[in-house]
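Have a look at the structure below before the remarks.
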Amino acid sequence: MSLAAVERRLELEQLYTDYVHCLDADELERWPDFFTEDCFYRVTSAENWEAGMPLGLIHATSRNMLKDRVSALREANIYEPQRYRHLVGPIRALGEGPAGLEVEANFLVVRTMQDGEMTMFAAGRYVDELRRDGDAWKFASRNVVLDSRRIDTLLAIPL
Amino acid sequence: MSLAAVERRLELEQLYTDYVHCLDADELERWPDFFTEDCFYRVTSAENWEAGMPLGLIHATSRNMLKDRVSALREANIYEPQRYRHLVGPIRALGEGPAGLEVEANFLVVRTMQDGEMTMFAAGRYVDELRRDGDAWKFASRNVVLDSRRIDTLLAIPL
Amino acid sequence: MSLAAVERRLELEQLYTDYVHCLDADELERWPDFFTEDCFYRVTSAENWEAGMPLGLIHATSRNMLKDRVSALREANIYEPQRYRHLVGPIRALGEGPAGLEVEANFLVVRTMQDGEMTMFAAGRYVDELRRDGDAWKFASRNVVLDSRRIDTLLAIPL
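Residue numbers (my numbering), protein chains in the order written: chain V, 17 to 175; chain F, 17 to 175; chain Z, 17 to 175.
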């Protein structure tokens with residue numbers, strides 16, 4: 017492993033860390049910037065994923081759609097105040113895919129409601145393709161594959 | 017720290033990540049390959065571990081015993097469909113032990129049942145010894161030390 | 017990124033890992049050694065943190081105060097036997113702050129009671145400043161920012 021390979025690995029790890037800190041800090045306006053302009057983003061269940069079902073609970077095919085989603089969330093703002101905490105496991109680089117470097121990582125999201133109650137909100141796996149975009153790595157494709165199909169219908173924040 | 021030391025650290029981290037992704041993907045047939053042929057594998061409670069009790073809930077002294085265990089799991093197949101998600105913390109290399117490099121890491125396993133219910137299944141610490149075997153690192157010894165002694169008696173999948 | 021930068025990153029990651037393993041192993045007497053002599057340590061809620069409230073559930077302004085806290089915990093020893101397991105996410109280095117290098121990291125703590133019951137005890141974020149002290153990195157300042165304000169009033173062990 018060369019120094020360049022080590023550097024890339026740490027850069028990718030940094031991207032994953034920055035991503036979850038952005039969400040946990042409720043800085044959703046910055047969230048679309050983690051993606052390429054022509055990105056693919058989907059939240060789906062492991063069951064659907066394994067069956068090759070194309071649809072997802074959330075589905076976007078461009079960075080602009082992600083921006084629209086953030087605007088909608090901010091305007092609607094119907095959901096009860098809550099905090100999210102993402103724990104993301106070490107990343108796993110798998111090689112080159114059609115849209116970029118294939119990487120996956122496990123995650124767990126803990127949700128805390130205003131009254132202090134904590135619950136496991138989501139657990140699963142990110143299945144991603146990453147691409148250099150200018151001087152930064154971005155998500156060209158992100159599939160958020162949830163272990164549970166019983167998802168809060170108010171799934172408000174991105175994952 | 018030399019580049020070789022950095023490289024080794026990242027290789028070890030990769031091994032831990034690959035290991036949990038193998039289990040979470042239910043690719044149990046590949047699981048014994050993470051171990052040396054003469055490996056030691058045990059799942060035990062922190063209470064027993066600290067008391068120096070040799071027995072464990074699961075106990076194997078070779079890779080072949082791990083293969084047998086996988087075969088038994090596949091044939092019996094009595095357990096309800098479920099998914100596991102391992103979150104493994106950063107590894108901690110401790111030095112050379114009798115069977116190889118001593119490494120430990122915290123972990124948490126979330127289990128999701130078919131109906132979507134998520135529970136914390138296990139939390140604890142891996143206490144390992146690792147050895148080069150050909151061109152890969154393998155577990156010469158893995159003790160899975162569980163914080164809770166109240167373990168599901170149907171403890172089906174490896175940890 | 018130079019080899020020196022890679023090295024620093026891995027050293028910092030090691031510090032975070034060693035810190036949580038120290039707590040999880042109940043080796044509290046070693047805990048103050050992770051801090052500089054003139055350290056600042058506070059456990060607070062995200063609500064108070066965002067409101068800029070200076071007080072915390074726990075508040076210390078020197079390493080000696082941390083030692084006193086450990087002594088008090090050991091002498092009182094009123095709490096029910098329990099184990100903690102910290103999962104700490106990848107660290108995020110943010111630059112130079114007034115007291116040292118600014119770093120943050122997400123964490124989740126699972127508590128296991130004597131009867132084996134596991135609960136999510138705490139989730140949140142470490143907001144830290146780190147400084148070289150001799151040949152080791154130490155916490156010059158650590159704010160433990162908890163997502164939930166509903167904290168166990170017997171909050172016994174450090175976080």
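Glycine included, each C-beta is placed from N, C-alpha and C at the ideal position. Here the structure is a predicted model, which is why all the values come from computation and not from measurement.
- Per DSSP, methionine 81/F is one residue of the alpha helix (DSSP H) stretching across 79-92.
- Beta-carbon to beta-carbon, arginine 101/F and alanine 67/V are separated by about 19 Å, too far to satisfy the 8 Å threshold.
- Note: tyrosine 142/F is bridge-paired with Ala121/F, Val160/F in the DSSP secondary-structure output.
- Cα atoms of leucine 162/V and leucine 103/Z: separation of roughly 20 Å, rounded to the nearest angstrom.
- Taken residue by residue, none of the region 39-59 of chain F has a beta-carbon sitting less than 8 Å from a beta-carbon on chain Z.
- For arginine 25/F, no beta strand (DSSP E) encloses it; the enclosing alpha helix (DSSP H) starts and ends at 19-40.
- Bounds of the beta strand (DSSP E) holding glutamate 112/F are 108-113.
- When the Cα atoms are used, valine 86/F and proline 106/V turn out to be separated by approximately 26 Å.
- Contacts with chain Z at 8 Å (Cβ-Cβ) do not include methionine 69/F.
- Ranked by Cα distance from leucine 82/V, the first of Trp65/V, Met136/V, Asp49/V, Cys38/V is Asp49/V.
- By the 16-neighbour rule on beta-carbons within 10 angstroms, glycine 116/V is buried.
- The C-beta of serine 157/Z has 16 or more other C-beta atoms within 10 Å across all chains shown, which makes the residue buried.
- Using a CB distance cut-off of 8 Å, aspartate 163/Z counts as an interface residue toward chain V.
- In this structure, arginine 58/Z and asparagine 159/Z form a Cβ contact; the two beta carbons are roughly 5 Å apart against a cut-off of 8 Å.
- Around the beta carbon of proline 114/V, fewer than 16 other beta carbons sit within 10 angstroms, so the residue counts as exposed.
- Interface annotation, alanine 20/V: not in contact with chain F, CB-CB separation never under 8 Å.
- Within the region 91-118 of chain Z, those residues whose Cβ lies closer than 8 Å to any Cβ of chain V are, in chain order, Leu103, Gly105, Pro106, Ile107, Arg108.
- For a Cβ distance threshold of 9 Å, nothing in chain Z lies close to tyrosine 142/V: the least Cβ distance comes to about 13 Å.
- Under DSSP, phenylalanine 50/V forms no beta bridge with any residue.
- The beta-carbon distance between serine 78/Z and aspartate 54/Z, rounded to whole angstroms, is 6 Å. This is short enough to meet the 8 Å contact definition.
- Take the alpha-carbon of glycine 132/F and the one of glutamine 98/F: they are about 9 Å apart.
- In the same chain as glutamate 29/F, and ignoring 5 residues on each side of it, the C-beta atoms closer than 7 Å to its own belong to Ile107, in chain order.
- The beta carbon of threonine 52/F sits closer than 8 Å to the beta carbons of Arg79, Arg147, Asp149, Lys154, Phe155, Ala156 from its chain, once the five residues preceding and following it are set aside; these are given in chain order.
- C-alpha of glutamate 145/F to C-alpha of aspartate 42/F: approximately 24 Å in a straight line.
- Under the three-state reduction of DSSP, leucine 103/V is assigned to strand.
- Per DSSP, alanine 62/V is one residue of the alpha helix (DSSP H) stretching across 62-66.
- Straight through space, the alpha carbons of isoleucine 173/F and alanine 152/V are spaced by roughly 39 Å.
- Rounded to whole angstroms, arginine 127/V and serine 164/Z show a C-alpha spacing of 9 Å.
- For the pair threonine 60/Z and proline 70/Z, the Cα-to-Cα distance works out to about 9 Å.
- Straight-line measurement puts the Cα of glutamate 45/V at about 10 Å from the Cα of leucine 89/V.
- For isoleucine 74/V, the uninterrupted beta strand (DSSP E) segment begins and ends at 74-76.
- Within chain Z, no residue has its CB atom less than 9 Å from the CB of arginine 24/F, the nearest being about 11 Å off.
- Under the 8 Å criterion on CB atoms, aspartate 131/V is classed as interfacial with respect to chain Z.
- For asparagine 122/V, a Cβ of chain F is located within less than 8 Å of the residue's own Cβ.
- C-alpha of threonine 135/Z to C-alpha of glycine 72/Z: approximately 23 Å in a straight line.
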